[in-house]
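Numbering (full-length UniProt numbering), first residue to last: 1 to 159.
By construction, the Cβ of each residue, glycine as well, lies at the ideal position given by its N, Cα and C atoms.
Written out below as structure tokens is the structure these notes cover.
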């Protein structure tokens, strides 16, 4: 039995009349805030580096099966005449560039280059590319390999 029954509170040492550990009434709230900050930090890091997950977020699609090699890119910021697709050695190179133009309150200039290794069985002279009206660039390469051509420009057809 405690010597002072009014101090019979969990967390108090009966002999010292001092709290055994400091009590923080906001401990649960602080714990939840730390968890939320950690989650928000993760989301912020992901949103600041969208290229880390470009293949998963719908910006590009790559299909490499036994019959074909297909690349689909969202290039809606570019016109077909601002794009070029070519093969060099065993790679396909996609390049887009447009000069400075008005965009909202300011001006913007965009340029990108994507390069893919062509898988075995792709015949570079049979590669076709087309751009849909909504800005989807599709490059289709049937598989049957021939190594006699080093570089070839591929025209972009508009649907």
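{"Item": "Would you report the Cα separation of residue 106 and residue 100, rounded to the nearest angstrom?", "Value": "10 Å"}
{"Item": "What do you get for residue 57, buried or exposed, if any count of 16 or more other CB atoms within 10 angstroms of its CB means buried?", "Value": "With a pLDDT of 48 at residue 57, under the threshold of 50, the predicted position of this residue should be treated as unreliable, though the coordinate-derived value follows. Result: exposed."}
{"Item": "Quick one: Cα of residue 52 to Cα of residue 60, how far?", "Value": "Because the pLDDT of residue 52 is 49, which lies under 50, any placement of that residue in the model is unreliable, and the number read from its coordinates should be weighed accordingly. Each residue's Cα considered, the two are about 12 Å apart."}
{"Item": "Can you grab the Cα-Cα spacing for the pair residue 156 / residue 63, in whole Å?", "Value": "19 Å"}
{"Item": "Look at residue 129 and residue 91 and say whether their C-beta atoms are less than 8 Å apart.", "Value": "no"}
{"Item": "Output yes or no for whether 8 Å exceeds the beta carbon distance between residue 30 and residue 87.", "Value": "no"}
{"Item": "Tell me where the beta strand (DSSP E) around residue 74 begins and ends.", "Value": "68 to 74"}
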